[in-house]
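To start, the structure itself, in structure tokens.
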Amino acid sequence: MRISKNIFIAATLLVLAACSKDDGGTTTPANNAGNNTPKPSWADSLARTWEVVKATHNGAPDNSTEGLELTMKKNGTYLLVTTGYNGTWKFSDSTYKTVMIDENAPEFKTVWTIKKLTSKRLEIDFKSPFTGGAVHWDLDAK
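Start counting at 1 in the sequence shown, then tack on 78, and there's your number in the working numbering.
Structure, rendered in structure tokens:
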């Protein structure tokens, strides 16, 4: 009986320890664990001003994109602050891992794959609508 009790306690502690660690690498809205405030929606997490802090194009650094500011709004619009361009966005699947950008503007239309989304960080991969090259952006909230 004592061995079964010890195994049960050890298993419970192991499960609790595994569930309590947030590695920050998952694609989820900001974590509000430990308080009664509901978690923000995916749109809430995405809707803010972001700055590109690291960019690559076909695996090579793309310094020309760094510093670009992008304001995403909950109403499905965005503004490229640096250029003044206004566009549209929407989540394109129920997993909230892909975002359709400029669906009705063929020259700019692209799909972002969200690699990470927190209240402070957004990491995305997409195919450039201009070159067709593979692009990765790391963005920090402003």
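For every residue, glycine included, the Cβ atom is placed at its ideal position computed from N, Cα and C. Please read these numbers as outputs of a predicted model, since none were measured by experiment.
- For Ala212, no alpha helix (DSSP H) encloses it; the enclosing beta strand (DSSP E) starts and ends at Ala212 to Ala219.
- If you ignore the 5 residues before and after Thr149, its C-beta comes within less than 7 Å of the C-beta of Thr127, Tyr156, Leu157 and Val159, all in its own chain and listed in chain order.
- Between Thr191 and Ile202, the C-beta gap is smaller than 8 Å, which places the two residues in contact.
- Only buried fits Ser123, as 16 or more other CB atoms lie within 10 angstroms of its CB.
- The closest CA to that of Phe204, considering only Asp171, Trp215 and Thr196, is found on Trp215.
- In the three-state DSSP reduction, Leu124 falls in the helix class (H, G or I).
- Per DSSP, the beta-bridge partners of Lys205 are Ala212.
- With respect to Gly154, Lys168 sits close: the two C-beta atoms are nearer than 8 Å.
- Residue Lys152 holds the alpha-carbon nearest to the alpha-carbon of Pro118 among Lys152, Val130 and Lys132.
- For Thr173, there is no enclosing beta strand (DSSP E), since its DSSP letter is neither H nor E.
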